[in-house]
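Participant:
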Amino acid sequence: MVKLNAWRFDRKTNTPVLYDREIDEFAHAVLADYKPKLLREPGAIRFEHFLESYLGVNILYQDIYNDDPERPIFGATALRDGILKVFDRENNCVACIPVPANTVVIDNYVMRPGKEPLGRFTGLHEGGHILIHGSIYDTVCDGQLELPGIESQPVIYCRRSNIENFADNKPNRTISDWREHHADYFAAAIAMPNATFRPVVHSILREHGIRTGYIAPDIDDDSDYLSEELLPETIMEIYGVSKRAAKIKLRKAGFVGERRAYGRSYPQMRL
Numbered sequence: 000m001v002k003l004n005a006w007r008f009d010r011k012t013n014t015p016v017l018y019d020r021e022i023d024e025f026a027h028a029v030l031a032d033y034k035p036k037l038l039r040e041p042g043a044i045r046f047e048h049f050l051e052s053y054l055g056v057n058i059l060y061q062d063i064y065n066d067d068p069e070r071p072i073f074g075a076t077a078l079r080d081g082i083l084k085v086f087d088r089e090n091n092c093v094a095c096i097p098v099p100a101n102t103v104v105i106d107n108y109v110m111r112p113g114k115e116p117l118g119r120f121t122g123l124h125e126g127g128h129i130l131i132h133g134s135i136y137d138t139v140c141d142g143q144l145e146l147p148g149i150e151s152q153p154v155i156y157c158r159r160s161n162i163e164n165f166a167d168n169k170p171n172r173t174i175s176d177w178r179e180h181h182a183d184y185f186a187a188a189i190a191m192p193n194a195t196f197r198p199v200v201h202s203i204l205r206e207h208g209i210r211t212g213y214i215a216p217d218i219d220d221d222s223d224y225l226s227e228e229l230l231p232e233t234i235m236e237i238y239g240v241s242k243r244a245a246k247i248k249l250r251k252a253g254f255v256g257e258r259r260a261y262g263r264s265y266p267q268m269r270l
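Under numbering that gives the first Met the number 0, the first residue of the sequence shown carries the number 0, and numbering increases by one thereafter.
1. Suppose contacts are defined by Cβ-Cβ distances below 9 Å. Is Val1 in contact with Ala28 by that definition?
2. In whole angstroms, what separates the C-alpha of Ile149 from that of Ala188?
3. Exposed or buried, which one is Ser274 when buried takes at least 16 other CB atoms within 10 Å?
4. Return the chain-ordered ranges of every alpha helix (DSSP H) run that is complete within the region 210 to 257 and spans a minimum of 4 residues.
5. Compare the Cα-Cα distances from Ile105 to each of Cys157, Thr233, Leu225 and report the closest residue.
6. Strictly by DSSP, which residues pair up with Ile105?
7. What's the gap between the Cα of Glu232 and the Cα of Arg20?
8. Hey, could you find the ends of the alpha helix (DSSP H) Phe86 is sitting in?
9. Would you check if the distance between the CB atom of Leu116 and the CB atom of Val240 is smaller than 9 Å?
10. Could you spell out where the alpha helix (DSSP H) holding Pro275 opens and where it closes?
11. Please state whether DSSP places Phe46 in a helix, a strand or coil.
12. On a CA-only basis, which of Leu83, Asn107, Ala190, Val98 is nearest Ile247? Give me that one, please.
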């Protein structure tokens, strides 16, 4: 399994300081090690197989107990044995279940029929935490996150606002916010790797007479149709992601937006 080779860290929490392009490069290396075909032929990654066979983790599907109904938990990663609160639908009550070390828990909501893209992204998001932040949460440290119901256990839990939100540029991010961005950007990078994503988009743009390599809103003819419908829906079909994730990736990759935004790279955190 490929290991992250980061050389910049937040001094207080040992969290890697990464550029988006570095996460892209890391995801490329992971795919080259896991299944090189995904770098040659565009297609949907089987996230369960990736988690279980490549990362060697267990997967549990549960109705995760939410302490905040407005901010449901979609996924979680436990790196040590512990106890997790879930909703027991059969007995209509909250129950505690054992969670073995090295386990990804995915909420049943994101696995419902029609939610498959969200389930895939959630699983890959948790995989990003394992690969990028595993060494942080493997030892008790200041500022650790804990899964509701598990005491003194380094784990990560991810709410709805953390998934498919890798374009979020809110100011004053906390260390937790940065870690969520790392994991979510990784999910996008491995679900839609640039090695195939960029050629696919360029091909579609050329088919519609756009030679610049990007869509400038309000300038190109039919730009709204291409950027809001045709491009994201094609990406959805090819990679098995949601329309939201496809739109964000198109903008983050510089295919939709102003010309000066194309190829720009921003640091993830300041030391």
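Even for Gly, the Cβ is constructed at its ideal location relative to N, Cα and C. Quick caveat, the model's predicted, so the values are computed rather than measured.
Facilitator: Taking the geometry as given:
1. Contact check for Val1 against Ala28 passes: the beta carbons are separated by less than 9 Å.
2. Caution applies to Ile149, whose pLDDT of 41 falls short of 50 and renders its modelled position unreliable; the model cannot decide the point.
3. The requested residue 274 is not part of the displayed model; the chain covers only 0 to 270.
4. 230 to 238, 242 to 251
5. Cys157
6. Tyr60, Gly74
7. Approximately 25 Å, taken between the alpha carbons.
8. Where Phe86 is concerned, there is no enclosing alpha helix (DSSP H), although the beta strand (DSSP E) around it starts and stops at 81 to 87.
9. It is worth fixing the name first, because residue 116 is Pro in this sequence and not Leu. Yes, these two residues count as a Cβ contact at 9 Å.
10. As displayed, the chain neither begins before 0 nor continues past 270, which places residue 275 out of reach and without an answer.
11. In the structure shown, Phe46 sits in a helix (DSSP, three-state: H, G or I).
12. Ala190
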